[in-house]
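Scroll down for the structure; my scribbles are underneath it.
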Amino acid sequence: MKKWVKILLIVLLAVVLLAAAYVAYVFISYHRIGDQPLTPVQTPDTAPSLSAGEAYTMVSWNIGFGAYEEDYGFFMDGGTESRAWSKERLTANMDAIAGYLKQQDADFYLLQEVDTDATRSYHVDEREPLYAALFDKSSVFCQNYDSPYLLYPLTKPHGASQSGLLTFAPVNIAAANRVELPVEGGFMKLLDLDRCYSVSRIPADGGKELVLYDLHLSAYTSDGTIATEQLKLLLADMQAEYDAGNWCVAGGDFNKDLLGDSSAYFGAADQEYSWAQPIPEGVFDGYDVQLVAPLDESDPVPSCRNADSAYHAGQYVLTVDGFMVTPNVTVSDSAVLDTGFAYSDHNPVKMTFTLN
15 MKKWVKILLI VLLAVVLLAA AYVAYVFISY HRIGDQPLTP VQTPDTAPSL SAGEAYTMVS
75 WNIGFGAYEE DYGFFMDGGT ESRAWSKERL TANMDAIAGY LKQQDADFYL LQEVDTDATR
135 SYHVDEREPL YAALFDKSSV FCQNYDSPYL LYPLTKPHGA SQSGLLTFAP VNIAAANRVE
195 LPVEGGFMKL LDLDRCYSVS RIPADGGKEL VLYDLHLSAY TSDGTIATEQ LKLLLADMQA
255 EYDAGNWCVA GGDFNKDLLG DSSAYFGAAD QEYSWAQPIP EGVFDGYDVQ LVAPLDESDP
315 VPSCRNADSA YHAGQYVLTV DGFMVTPNVT VSDSAVLDTG FAYSDHNPVK MTFTLN
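Residue numbers for the sequence shown follow the numbering used here, beginning at 15 and rising by one.
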């Protein structure tokens, strides 16, 4: 055998071994965080408890790890970028997000995709500007996932990610916990990472509690059914708390078309996508839980765009962010807040509600 052929075979063998070692590392490193108690941050500046009959406002926002500006396209959505454009732009975005949230002057905030230590966000702890802006509120952080290093795209790998859900409340959160959600098995679990929702228990009148859920359901799945299974688990949890006499409110990113057919309100996209299906009929049957899908029919604003490129006319837009409440919670208003997609692939959504 010629020498150059031997060298080529050795190089090919080395590449194969390295690839096999990397695949083994990813599967061995993969782990699920599981159910666990969380430690709320309390503050003396909060009210002692929530009051029945008083109106409260809540903002939910998937902040997209502070990276999604108007010119951003994420590789998992078909775009080209795997990280925020730069650390400087990321920190400027996080400061702008924190400032915008403070301006809303809401009572509650439910935030998703808040990175604490991730390659994609240059290892910036994104909680810090949020804590600083909302310093007078109690809070609890729930880690969503802790992913191994993703060596893709090869020119600028997405890397490893630690990210989670951050909840703020105007009353000290008495207790909180993380609830693990089912995910797909096999290779798909590596794409969708870990999933969970957080549960915050907040004292209210009469010794009862507002049970508050911050959620981010699965997106990168084979057919969307796993997100429906996750939703059913959450509905069962809310039903049990309602049956116990508590008020229940959930909010976050459902990764479902909450309007059923968002194109009827926002127009058809220039391409077809299947990742955000409507919630199947019958899912809410048997549960005393109502979906609140924010929509102003006179001036409809979507809550999300498909970040396959920079934002453009005709891009796939829809509403996947919203709320759920039990019958003892009255919703008087809900809307998508139009930020112009300046800081995320999601717009924040806002709801006003009263505990009956």
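No residue lacks a Cβ here, since even glycine has one placed at the ideal position from N, Cα and C.
query: Could you check the C-alpha separation between residue 112 and residue 172 for me, to the nearest Å?; result: 25 Å
query: Whose CA, out of 313, 87, 64, 72, lies closest to the CA of residue 337?; result: 72
query: Indicate the three-state DSSP secondary structure (helix, strand or coil) for residue 322 in the structure shown.; result: coil
query: First and last residue of the beta strand (DSSP E) that includes residue 128?; result: 122 to 129
query: Thinking C-alpha only, which one of 155, 245, 282 is nearest residue 295?; result: 245
query: Report the start-end ranges of each alpha helix (DSSP H) in the segment 206 to 278 that is 4 residues or longer and not cut off at the edges.; result: 239 to 257
query: Let me check understanding here. Comparing Cα to Cα, which of 332, 164, 151 lies closest to residue 37?; result: 164
query: Taking residue 306 as the reference, give the member of 76, 319, 345 with the closest Cα.; result: 345
query: Following the continuous beta strand (DSSP E) through residue 173, name the residue where it begins and the one where it ends.; result: 173 to 183
query: Just how far apart, CA to CA, sit residue 143 and residue 31?; result: 43 Å
query: Residue 102: buried (16+ other C-beta within 10 angstroms of its C-beta) or exposed?; result: exposed
query: Could you check whether the segment 318 to 329 touches the segment 46 to 61, counting it as contact only if at least three pairs of C-beta atoms, one from each stretch, sit closer than 8 Å?; result: no
query: Buried or exposed: where does residue 340 fall if 16 or more other Cβ atoms within 10 Å of its Cβ makes it buried?; result: buried
query: Taking 8 Å as the cut-off, does the segment 265 to 283 touch the segment 80 to 95 (at least 3 CB pairs, one atom from each stretch)?; result: no
query: Starting from the C-beta of residue 186, find all residues in its chain whose C-beta is less than 6 Å away, skip the five residues before and the five after it, and write them out in chain order.; result: 56, 60, 152
query: Looking at the unbroken beta strand (DSSP E) that takes in residue 338, where does it start and where does it end?; result: 335 to 339
query: Between the C-alpha atoms of residue 154 and residue 181, what's the straight-line distance to the nearest angstrom?; result: 5 Å
query: What does the Cβ neighbour count give for residue 70, buried or exposed, with the cut at 16 atoms within 10 Å?; result: buried
query: Distance, Cα to Cα, residue 52 vs residue 270?; result: 27 Å
query: Just to confirm before moving on: does the CB-CB distance between residue 343 and residue 263 stay below 8 Å?; result: yes
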